[in-house]
Amino acid sequence: MNRDFLQELGLRADNDGTSTGTSSHHNPGVHLSSYSPVDGQLIGRVSVTTREQYDAVIEKAEAAFLHWRSIPAPQRGEVVRQYGQALREHKDALGRLVSYEMGKSLQEGWGEVQEMIDICDFAVGLSRQLYGLTMHSERPLHRMYEQWHPLGIVGIISAFNFPVAVWSWNSMIALVCGNVNVWKPSEKAPLCGVACQNIWAGVAKANNLPEGICNLINGDYQVGEWMTTDTRVPLISATGSTRMGKIVAQTVGARLGKTLLELGGNNAIIITESADMDLVLTGALFGAVGTCGQRCTSTRRLIVHESRYAEVRDKLAAAYGQLRIGDPLDQHNHVGPLIDKDAVAMYLKAIEGIEAEGGETIVPGGVLEGPGYESGCYVKPCFFAVKADSKMARHETFAPILYIMPYATLEEAIAIQNSVPQGLSSAIMTTNMRESELFLSAAGSDCGIANVNIGTSGAEIGGAFGGEKETGGGRESGSDSWKAYMRRQTNTINYSTQLPLAQGIKFDL
Ligand code: NAD
Numbered sequence: 083m084n085r086d087f088l089q090e091l092g093l094r095a096d097n098d099g100t101s102t103g104t105s106s107h108h109n110p111g112v113h114l115s116s117y118s119p120v121d122g123q124l125i126g127r128v129s130v131t132t133r134e135q136y137d138a139v140i141e142k143a144e145a146a147f148l149h150w151r152s153i154p155a156p157q158r159g160e161v162v163r164q165y166g167q168a169l170r171e172h173k174d175a176l177g178r179l180v181s182y183e184m185g186k187s188l189q190e191g192w193g194e195v196q197e198m199i200d201i202c203d204f205a206v207g208l209s210r211q212l213y214g215l216t217m218h219s220e221r222p223l224h225r226m227y228e229q230w231h232p233l234g235i236v237g238i239i240s241a242f243n244f245p246v247a248v249w250s251w252n253s254m255i256a257l258v259c260g261n262v263n264v265w266k267p268s269e270k271a272p273l274c275g276v277a278c279q280n281i282w283a284g285v286a287k288a289n290n291l292p293e294g295i296c297n298l299i300n301g302d303y304q305v306g307e308w309m310t311t312d313t314r315v316p317l318i319s320a321t322g323s324t325r326m327g328k329i330v331a332q333t334v335g336a337r338l339g340k341t342l343l344e345l346g347g348n349n350a351i352i353i354t355e356s357a358d359m360d361l362v363l364t365g366a367l368f369g370a371v372g373t374c375g376q377r378c379t380s381t382r383r384l385i386v387h388e389s390r391y392a393e394v395r396d397k398l399a400a401a402y403g404q405l406r407i408g409d410p411l412d413q414h415n416h417v418g419p420l421i422d423k424d425a426v427a428m429y430l431k432a433i434e435g436i437e438a439e440g441g442e443t444i445v446p447g448g449v450l451e452g453p454g455y456e457s458g459c460y461v462k463p464c465f466f467a468v469k470a471d472s473k474m475a476r477h478e479t480f481a482p483i484l485y486i487m488p489y490a491t492l493e494e495a496i497a498i499q500n501s502v503p504q505g506l507s508s509a510i511m512t513t514n515m516r517e518s519e520l521f522l523s524a525a526g527s528d529c530g531i532a533n534v535n536i537g538t539s540g541a542e543i544g545g546a547f548g549g550e551k552e553t554g555g556g557r558e559s560g561s562d563s564w565k566a567y568m569r570r571q572t573n574t575i576n577y578s579t580q581l582p583l584a585q586g587i588k589f590d591l
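Using this note's numbering, the first residue of the sequence shown is number 83, and each one after it goes up by one.
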């Protein structure tokens, strides 16, 4: 494996894990070792942030906030523009690191960096559009309006599967809003965090910015808990499992802090009688096996009209037979590894559970062995026919496991789709306008994302991204998601010589 990209990103075999932007503190104590799921090799080590270092980072961030918030928003946007430019220059290397450390295909690694670049562009435009409303006051010679101010420190906790893009969705928007951020990446992909921080350090230095605007801390959930319990961090944006989100919501809620939660999904495609089969096959296959089934928007369930059920099952089974599984940096392969052996164990346990509840195997699973599969993380994407009330299909197993189930009426299909606890992404394949409109109506999909004739995965940054129910309710990225990173202030100004009270109240002395 050619590892030149590590050098380009400023990564050494033994990296530092805590940084406030332009310099770093070395912690010779505990380390996170990052092993690649691609070949099982050690990529590098990152030192775990100590409590003392954490407090120093927060103090630096607090001081940096006072400076950063005073810079006009469009000038903050200019710094973000430069960060986007730096990402363009390092796109190849950073995409390779994402692919090598996380295991997604090189195309998807580059795609993730492209998403970062796109969100920078979006944030630059947004830096001139942080609009508030003006209202008509009920009192004479008064003016009333609202404005948006930054919150302070935004704490970002991210998952392993999008090890760079999720941070940028949060941080680039938070930055133009005038916030500073502290990022705790997943302990399963820590080098991606160090690489993004190194690129930031170059931009910060070129602009003579102080340390503490973008900050990095590293470790497992315990380091994350320092932030969730810390009243100096007014907003926690957490991406990961529903299990984690429930704990984070309660911890931050107990101190009445704000949370933005992006949690698990259990995404379905409804395939109707009139569906275009070419779209179905591409959408379902990429949705189910892309990123080895480790996207929050991965397709996990196909709910198929009984008249098309056998056709979808058989054509998709044939398409599974064409998949090439192997090194994700080799562009001939379609499917790379799972993140680690724990994920492989969960995948195998889920298959056992499906078989135990009577699921019918259409494409069998299994762990791959032999040359090229030495890491032990390569598994076969698999496909099962289950009943609509399958218990296993209610869970998000973060692996390439697809369920298929039949339906008779569209109302029934929508009810099956909405019957799971999660509410992230959904799709319908139809050429019937009445069906697509019902699916998109208030009586249709209950998810944060509802698509017609495209699959469940692959959202664009321009829309608000997130989901309902156990997905956590947060919205990130485009549309007006920026409002989550700001506080709204209503201002009323009296330019008369009287002091009339609202609601006509008299208070004569
Ligand atoms: P995870 O929940 O195991 O970990 C996510 C992050 O939370 C890690 O950084 C971890 O250290 C931290 N963490 C865990 N417990 C914590 C606690 N008690 N306090 C503070 N921090 C804590 O998730 P994962 O395995 O890395 O990622 C997979 C999950 O993420 C899937 O469920 C997937 O659907 C979800 N996900 C959701 C979205 C979305 O936008 N909705 C995006 C990506 C991933």
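Cβ coordinates follow ideal geometry from the N, Cα and C atoms, glycine included.
Between G505 and G549, the beta carbon gap of about 5 Å places them in contact (Cβ cut-off 8 Å). Taking a contact as a CB-CB distance under 8 Å, the pair V426 and C374 does not count as one, their CB atoms being some 10 Å apart.
The segment 359-433 contains, as complete beta strand (DSSP E) runs of 3+ residues, the segments 381-387 (chain order). By the criterion of a C-beta distance shorter than 7 Å, C259 is surrounded in its chain by L212, P232, W564, Y567, M568, once the five residues flanking it on both sides are discounted.
Here DSSP, grouped into helix, strand and coil, assigns I498 to helix.
Closest in alpha carbon position to Y182, among E517, G126, Q157, is G126. In the three-state reduction of the DSSP assignment, I318 falls in the strand class, which pools E and B.
Counting along the chain, the unbroken beta strand (DSSP E) around C464 starts and ends at 464-467.
In this model, I575 and G544 are separated by some 35 Å (Cα to Cα). Annotation for H149: the continuous alpha helix (DSSP H) segment containing it runs 133-150. At the C-beta level, M184 and G191 come within 9 Å of one another. Inter-residue distance for H224 and R570 is about 20 Å (C-alpha atoms, whole angstroms).
Under the DSSP assignment, A509 falls outside any alpha helix (DSSP H), being part of the beta strand (DSSP E) whose first and last residues are 507-511. Residue pairing by DSSP places E228 opposite T572 in a beta bridge. A Cβ-Cβ separation of about 7 Å places R382 in contact with L484 under the 8 Å criterion. DSSP, read as helix, strand or coil, puts R85 in coil. Listed in chain order, the alpha helix (DSSP H) runs fully inside the segment 281-365 are 303-310, 324-336, counting runs of at least 4 residues. Counting C-beta pairs with one atom in each stretch, the segment 252-270 and the segment 145-165 have three or more that are closer than 8 Å, which means they touch. Taking the Cβ of G346 as the reference point, at least one heavy atom of ligand 1 falls within a distance shorter than 8 Å.
For L169, the uninterrupted alpha helix (DSSP H) run begins and ends at 155-171, by DSSP. In the structure shown, the three-state DSSP call for Y182 is helix.
Counting every other CB atom within 10 Å of its CB across the protein chains shown gives V112 a total below 16, marking it as exposed. Around the Cβ of F589, a 10 Å sphere holds fewer than 16 other Cβ atoms; the residue is exposed. Membership of I199 in the alpha helix (DSSP H) is indicated by the continuous run 188-208. Listed as beta-bridge partners of G177 by DSSP are no residues whatsoever. Residue pairing of K266 in beta bridges, as defined by DSSP: I239.
With a 10 Å radius around the Cβ and a threshold of 16 neighbouring Cβ atoms, Q123 comes out exposed. Looking only at L114, V417, A432, T443, the smallest Cα-Cα distance to L450 is reached by V417.
In this structure, DSSP gives L591 a state outside helix and strand, which the three-state scheme calls coil. For L520, the enclosing alpha helix (DSSP H) stretches over residues 515-522. E307 has its CB nearer than 8 Å to a heavy atom of ligand 1. Taking every protein chain shown into account, the CB of K473 has fewer than 16 other CB atoms within 10 angstroms, so this residue is exposed. Counting only residues of its own chain and dropping the five nearest sequence neighbours on each side, G294 has a CB closer than 7 Å to the CB of T102, G103, K142, A143, A145, A146, V262. Just so you know, the alpha carbons of T333 and I421 end up roughly 28 Å apart. In the structure shown, N533 adopts extended strand secondary structure according to DSSP, grouped into three states. Between S539 and T379, the gap from beta carbon to beta carbon is short of 9 Å.
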